[in-house]
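Here the structure comes first, spelled out in structure tokens, and everything after it is commentary.
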Amino acid sequence: AQSVTQPDIHITVSEGASLELRCNYSYGATPYLFWYVQSPGQGLQLLLKYFSGDTLVQGIKGFEAEFKRSQSSFNLRKPSVHWSDAAEYFCAVVPSGGGADGLTFGKGTHLIIQP
Amino acid sequence: DGGITQSPKYLFRKEGQNVTLSCEQNLNHDAMYWYRQDPGQGLRLIYYSQIVNDFQKGDIAEGYSVSREKKESFPLTVTSAQKNPTAFYLCASSTGSTETQYFGPGTRLLVL
Chain L
1 AQSVTQPDIH
11 ITVSEGASLE
21 LRCNYSYGAT
31 PYLFWYVQSP
41 GQGLQLLLKY
51 FSGDTLVQGI
61 KGFEAEFKRS
71 QSSFNLRKPS
81 VHWSDAAEYF
91 CAVVPSGGGA
101 DGLTFGKGTH
111 LIIQP
Chain Y
1001 DGGITQSPKY
1011 LFRKEGQNVT
1021 LSCEQNLNHD
1031 AMYWYRQDPG
1041 QGLRLIYYSQ
1051 IVNDFQKGDI
1061 AEGYSVSREK
1071 KESFPLTVTS
1081 AQKNPTAFYL
1091 CASSTGSTET
1101 QYFGPGTRLL
1111 VL
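Listed in order, the protein sequences are those of chains L and Y. Our numbering puts the first residue of the first sequence at 1, with every later residue one more than the last. Our numbering puts the first residue of the second sequence at 1001, with every later residue one more than the last.
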């Protein structure tokens, strides 16, 4: 069965510093990959997605992610974080051939921004 | 505006009571999903539906029921058999199972 691992439950970063959130997946074939963000008490918003092509994907709010097939990873990055980036971040995957029940989510990483 | 709406924002359930959470979308999406979110657990799939009049159990369906009589609507009932219903419930929709899921704002269910 496919699975998604986000190794860091919490990450604390100073405002203006760079950010990298890790995501590893376990699946036999290359899946489609997603990053979502959730503000407290809100639904999830799509940041970016990777289906094929260029392995460096640009998203909204200045985020980017890089797909590395050899490492089964899809890490999320931002060069300079803002206090408004404090939120919960979820990585998700789906088999490229389709999976009837849709996305499999990681357990999330809680991002804390220090002033 | 296109999107997904969930109501109510907060819901209180008494012991032994069934309650229904509403999810409506005007995105013309075929697929709809219900997730439960608990602190530190991520999102767990309760039920999903790929087309009208058809739905399937997810990972934690016990104590829940759904219907899909219309493309736009996918209500979730939390029955009295669900012994620990306190959680944040999220509804999502997509054009297909491999496509991006779009989420509603969520309903927080609390037990009195």
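In this text, a Cβ means the ideal position worked out from N, Cα and C, and glycines have one as well.
Opening and closing residue of the beta strand (DSSP E) in which residue i lies
i, result
"L/Ile112", "Thr109 to Gln114"
"Y/Gln1006", "Ile1004 to Ser1007"
"Y/Leu1076", "Leu1076 to Val1078"
"Y/Gly1106", "Run containing Y/Gly1106: none; DSSP gives neither H nor E here."
"Y/Asp1054", "Asp1054 to Lys1057"
"L/Val81", "L/Val81 -> no beta strand (DSSP E), and no H or E assigned at all."
"Y/Lys1083", "That residue, Y/Lys1083, is in no beta strand (DSSP E); it is neither H nor E in DSSP."
"Y/Glu1062", "Segment: none, Y/Glu1062 is in no beta strand (DSSP E) and carries neither H nor E."
Whole-angstrom C-beta distance between residue j and residue i, which should lie under 8 Å
i, j, result
"L/Phe67", "L/Phe74", "5 Å"
"L/Val4", "L/Val93", "5 Å"
"Y/Leu1027", "Y/Ser1073", "With 8 Å as the limit, Y/Leu1027 and Y/Ser1073 do not qualify as a contact, their Cβ atoms being about 12 Å apart."
"L/Tyr36", "L/Leu46", "6 Å"
"Y/Tyr1089", "Y/Thr1077", "The pair is not a contact, with the Cβ atoms about 11 Å apart (cut-off 8 Å)."
C-alpha gap between residue i and residue j, whole angstroms
i, j, result
"L/Pro56", "Y/Gln1017", "According to the sequence displayed, residue 56 of chain L carries Leu and not Pro. Cα-Cα distance, rounded: 50 Å."
"L/Gly108", "Y/Leu1043", "9 Å"
"Y/Thr1079", "Y/Leu1021", "11 Å"
"L/Leu111", "Y/Gln1056", "34 Å"
"Y/Gln1101", "Y/Gln1025", "12 Å"
"L/Arg22", "L/Gly28", "20 Å"
"Y/Lys1070", "Y/Arg1108", "24 Å"
"Y/Leu1112", "Y/Ser1049", "30 Å"
"L/Ile113", "L/Ser39", "13 Å"
"L/Leu44", "Y/Asp1038", "14 Å"
"L/Ser26", "L/Thr104", "11 Å"
"L/Ser52", "L/Gly59", "15 Å"
Neighbouring residues, chain L, relative to residue i (Cβ below 7 Å)
i, result
"Y/Leu1021", "In chain order: nothing, as chain L lies at least about 13 Å away."
"Y/Tyr1010", "In chain order: nothing, as chain L lies at least about 10 Å away."
Under 9 Å by beta carbon: chain Y residues contacting residue i
i, result
"L/Tyr25", "In chain order: nothing, as chain Y lies at least about 14 Å away."
"L/Phe74", "Residues of chain Y passing the Cβ test: none, with the nearest at roughly 15 Å."
"L/Tyr89", "Chain Y residues near L/Tyr89: none, gap ~11 Å exceeds 9 Å."
Chain-ordered neighbours of residue i on chain L, where CB pairs are closer than 8 Å
i, result
"Y/Ala1031", "Gly102"
"Y/Gln1082", "Correct list: empty, because the minimum Cβ distance to chain L is about 20 Å."
Chain-ordered neighbours of residue i on chain Y, where CB pairs are closer than 8 Å
i, result
"L/Gln42", "Pro1105 and Gly1106"
For residue i: DSSP bridge partner residues
i, result
"L/His10", "L/His110"
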